[in-house]
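Below is one structure, written out as structure tokens; the observations come after it.
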Amino acid sequence: MFTGIVEELGEIAAVEPLPDAARLSVRGPVVTADARHGDSIAVNGVCLTVVEVDGDVFTADVMKETLDRSSLGALRPGSPVNLERAVRADARLGGHIVQGHVDGTGTLLSREPGEHWEVVRISLPAELNRYVVEKGSIAVDGVSLTVAGVDGESLTVSLIPTTLRLTTLGAKRPGDPVNLEADVIAKHVEKLTAGYVPGGRA
Numbered sequence: 000m001f002t003g004i005v006e007e008l009g010e011i012a013a014v015e016p017l018p019d020a021a022r023l024s025v026r027g028p029v030v031t032a033d034a035r036h037g038d039s040i041a042v043n044g045v046c047l048t049v050v051e052v053d054g055d056v057f058t059a060d061v062m063k064e065t066l067d068r069s070s071l072g073a074l075r076p077g078s079p080v081n082l083e084r085a086v087r088a089d090a091r092l093g094g095h096i097v098q099g100h101v102d103g104t105g106t107l108l109s110r111e112p113g114e115h116w117e118v119v120r121i122s123l124p125a126e127l128n129r130y131v132v133e134k135g136s137i138a139v140d141g142v143s144l145t146v147a148g149v150d151g152e153s154l155t156v157s158l159i160p161t162t163l164r165l166t167t168l169g170a171k172r173p174g175d176p177v178n179l180e181a182d183v184i185a186k187h188v189e190k191l192t193a194g195y196v197p198g199g200r201a
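Written out as structure tokens, the structure reads:
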């Protein structure tokens with residue numbers, strides 16, 4: 000489990016295509032400081048399992064389903080990535096509960112710079128719309144954000160200077176894909192109430 004508080008802006012060191020998969024080598028001195036084989040590290044919001052650690056680079060295998068459902072397949076050597084180690088049980092939950100199980104991708108549609116922040120609009124896949132509410136939480140490329148607004152086809156978030164400076168979201172441009180993970184609590188509520196709500200989804 001993660002919290003959506005990015006620890007480090009890392010970099011893709013290498014990409015090795017495999018049949019129906021890929022092997023990513025990711026440079027991140029902070030997250031590799033205590034990383035071991037089998038540990039979980041979120042890369043742009045996708046939970047990956049550490050296969051090997053070599054200095055400040057860790058390697059992880061990415062299966063086809065993950066490549067299909069996320070933007071990891073578009074990464075190239077040199078691509079910046081948001082990195083977060085799995086949260087410790089005794090740590091503060093600074094963001095919200097993030098599983099690292101990406102629900103799909105959205106496209107950055109626009110950026111509106113302000114004096115102290117930027118308002119960013121992102122397309123919202125139809126199947127995720129029911130989980131997204133104003134002032135609720137969403138993970139965008141692994142960053143825990145508060146939804147500023149939602150209109151059924153897109154959502155907006157406000158990015159503070161720290162987020163702009165220390166995550167990939169500061170450099171994203173209109174047309175770029177981003178990974179989206181909806182709040183898992185909303186999914187559980189939907190399933191638990193499906194038998195009691197007309198038209199509910201099980």
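The sequence shown: position 187 = 186 (numbering that gives the first Met the number 0), numbered continuously. Backbone N, C-alpha and C fix where the C-beta goes; we use that ideal spot for every residue, glycine too.
- Message: Please list the terminal residues of the continuous alpha helix (DSSP H) segment that includes V14.
- Response: That residue, V14, is in no alpha helix (DSSP H); its beta strand (DSSP E) goes E7 to L17.
- Message: Short of 7 Å in beta carbon distance, which residues of its chain neighbour L165, apart from the five on each side in sequence? Order them along the chain.
- Response: V5 and L8
- Check whether the Cβ atoms of T104 and V56 lie closer than 9 Å to each other. no
- Within 9 Å, strictly: CB atoms of A90 and D38: no
- Along the chain, where does the alpha helix (DSSP H) that runs through L191 open and close? V183 to T192
- Message: DSSP has P176 in a bridge; who is on the other side?
- Response: T106
- For my contact list, V101 and S69 are in at a C-beta cut-off of 8 Å; report their separation, rounded to the angstrom. 5 Å
- Have a look at the DSSP bridge pairing and note the partners of L144. I137
- Query: When the Cα atoms are used, what is the spatial distance from R75 to T48?
  - Reply: 19 Å
- Message: Which of the three DSSP states is assigned to P79 in this structure?
- Response: strand
- Message: Which runs of the beta strand (DSSP E) at least 3 residues long sit entirely within the segment 24-86? Give them in chain order.
- Response: 39-42, 45-53, 56-62 and 79-84
- Out of E64, V142, D175 and A170, point me to the one whose CA is closest to E82's CA. The sequence given here places Leu at residue 82; Glu does not occur at that position. Checking every option, the nearest Cα to that of L82 belongs to V142.
- Task: Please list, in chain order, all residues of the same chain as S24 whose beta carbon is under 6 Å from its beta carbon, the five residues on each side excluded.
- Result: A12, A13, V56 and T58
- Where do the ends of the alpha helix (DSSP H) carrying R164 lie? P160 to L165
- Task: Within 10 angstroms of the Cβ of T2, are there 16 or more other Cβ atoms? Answer buried if so, exposed if not.
- Result: buried
- Buried or exposed by the 16-neighbour rule on C-beta atoms within 10 Å, applied to T145: exposed
- Message: On the criterion of 16 or more Cβ atoms from any shown chain inside 10 Å, does H95 qualify as buried, or is it exposed?
- Response: buried
- Measure how close the beta-carbons of N43 and T167 come, nearest whole angstrom, since I'm counting them as under 8 Å. 7 Å
- So who's on the other strand from E126, going by DSSP bridges? Answer by DSSP bridge pairing: none, since E126 is not bridged.
- Query: Alpha carbon to alpha carbon, what distance is there between L66 and G72?
  - Reply: 5 Å
- Query: Helix, strand or coil for L92 per DSSP?
  - Reply: coil
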